[in-house]
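Shown next, in structure tokens, is the structure this report addresses.
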Amino acid sequence: MSGHKDIESRRRFLKLVTGTAAAAVVVGSLPRMARADDLPHLSEADPTAKALGYVEDASATKDPKHKAGDACSNCQFYSGGATGFGPCQLFPGKAVSAKGWCISHTPKKA
Ligand code: SF4
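Here is the structure:
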């Protein structure tokens, strides 16, 4: 009889521990996700952005170095999604447009 109670008690304990660990993982990942979304968008007026010829819409650039199809979304320095905004290694703390472009564009390796 007490063996059955021990097993029940152990089950409850394991459920509690598993649930707590899962909650800790979820809570621990929230600030990281929020940070990527909360990055301020890089302004074209930013001095470094200007120096690198950054534009939010690659189709708007008149820079002769721009090749058709080149955009932040296919640059190796970009780590965001295919649309919207995401981090760029050259602009720490800022998010660049997936449709953007600058003269440092380097195609992602396949
Ligand atoms: S380095 Fe690449 S991802 Fe960053 S702004 Fe320039 S083109 Fe976009």
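Read in order, the letters of the sequence shown correspond to residues 391 to 500 in the working numbering. Note that CB positions come from ideal geometry on N, CA and C, so glycine has one too.
- With a threshold of 16 other beta carbon atoms within 10 Å, residue 449 falls short and is exposed.
- Taking C-alpha positions only, residue 482 is separated from residue 472 by approximately 19 Å.
- Contact holds between the region 435–447 and the region 479–495, because three or more Cβ pairs, one in each stretch, are under 8 Å apart.
- Cβ-Cβ distances below 6 Å link residue 486 to 432, 462 and 478 in the same chain, with the five nearest sequence neighbours on each side left out; the list follows chain order.
- Distance from the Cα of residue 439 is smallest, within the candidate group 488, 480 and 498, for 480.
- In this chain, the beta strand (DSSP E) harbouring residue 485 covers 485–487.
- Taking the CA atoms as reference points, residue 435 sits about 32 Å from residue 500.
- The nearest non-hydrogen atom of the ligand SF4 is less than 7 Å from the C-beta of residue 467.
- In terms of Cα proximity to residue 466, the closest of 460, 498 and 429 is 498.
- In the structure shown, residue 477 adopts extended strand secondary structure according to DSSP, grouped into three states.
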